[in-house]
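Visitor: Here you go, one structure.
Protein chains: 2
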Amino acid sequence: MASVTSLPHPEMSEVRLTDVLFALSDPARLEIVRELAGGPLSMAECGTFNPALPKSTKSHLFKVLREAGVVRNEPQGRGRVLHLRRDELDRAFPGLLDSVLAAE
Amino acid sequence: MASVTSLPHPEMSEVRLTDVLFALSDPARLEIVRELAGGPLSMAECGTFNPALPKSTKSHLFKVLREAGVVRNEPQGRGRVLHLRRDELDRAFPGLLDSVLAAE
DNA sequence: AGGATTGTTCAAGTATTATCGAACCATGGC
DNA sequence: GCCATGGTTCGATAATACTTGAACAATCCT
């Protein structure tokens, strides 16, 4: 019943630009997105920029990104793999991610 | 002394990407930016998407945009003119505004 | 099965943001 | 000078968002 294993992800058609912008507007979340731009990572591998971050806090950061449609969070083994929904975002908001990731 | 006439604007060099993204992440502020993309407007002309908006609220929306470096607010006659800092933003964050404004 | 590992969710406290009326300020025109 | 116009700032309240420990869930491994 409502296993936590598979988390809900919005369809890209119902993702709003403002929600994506909001998700990216936090430095910690943006940093996570930058890390994920290099390829999928487990949650443990991700967020190394701040190793002291409690796992509940980290989980919350990913939740915001996931609910905004920026990131996909899927179970793998005993952990989870995160990846940027890059192709989908590029289709929905052409150039957005490129420009954000290009900014120093 | 500290006349309100001329409001402080950040140098583009000290504008942070996350602040810009945050400023754009609110639907009302984003709508204002869309209106300003067509050219400078007085505050009265701007924000017509919600005519019932109190002027203090509207002023606050502009303040957030101004402090994030998105908009310039300058006195003109008895009122004020607002304009998007488009060229500067394009230089600092190439493609960002384009992609945001292009999104439907 | 039991324990270790990896996260998620809940709840509570804190902090940041939004909203809007009222007071205030500057300018233009009479 | 005085008043109307156009907008900012202040102050209070409401609404969101962030942070974190503790409890819980799923999986792997022996």
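For the protein sequence lines, the chains are A and B, in the order given. Per the working numbering, the very first residue in the first sequence carries number 1; after that it's consecutive. Per the working numbering, the very first residue in the second sequence carries number 1001; after that it's consecutive. Think of the CB as a built atom: it goes at the ideal place given N, C-alpha and C, for glycine as much as any other residue.
Put A/H60 into one of helix, strand or coil per three-state DSSP.
Guide: Helix at A/H60.
Visitor: So with Cβ pairs under 8 Å, would you call A/D87 a contact of chain B?
Guide: For A/D87, the answer is no, since every Cβ of chain B falls outside 8 Å of its Cβ.
Visitor: Here's the rule I'm using: 16 or more other beta-carbon atoms within 10 Å means buried, otherwise exposed. How should A/F62 be labelled?
Guide: Its Cβ being crowded by 16 or more others within 10 Å, A/F62 is buried.
Visitor: Does A/F22 have its Cβ less than 8 Å from a Cβ in chain B?
Guide: A/F22 counts as touching chain B.
Visitor: Check the Cβ of A/P94 against every Cβ in chain B and list those closer than 7 Å, keeping chain order.
Guide: The contacting residues are S1099, A1102.
Visitor: Considering only residues of the same chain and omitting the five flanking positions on each side of A/A103, which have a CB-CB separation below 7 Å?
Guide: No residues qualify anywhere along the chain.
Visitor: Name the chain A residues whose beta carbon is nearer than 7 Å to that of B/T1018?
Guide: Within 7 Å Cβ-Cβ: S25, D26, P27, L30.
Visitor: Give the DSSP-derived three-state secondary structure of A/R80 in the structure shown.
Guide: Strand at A/R80.
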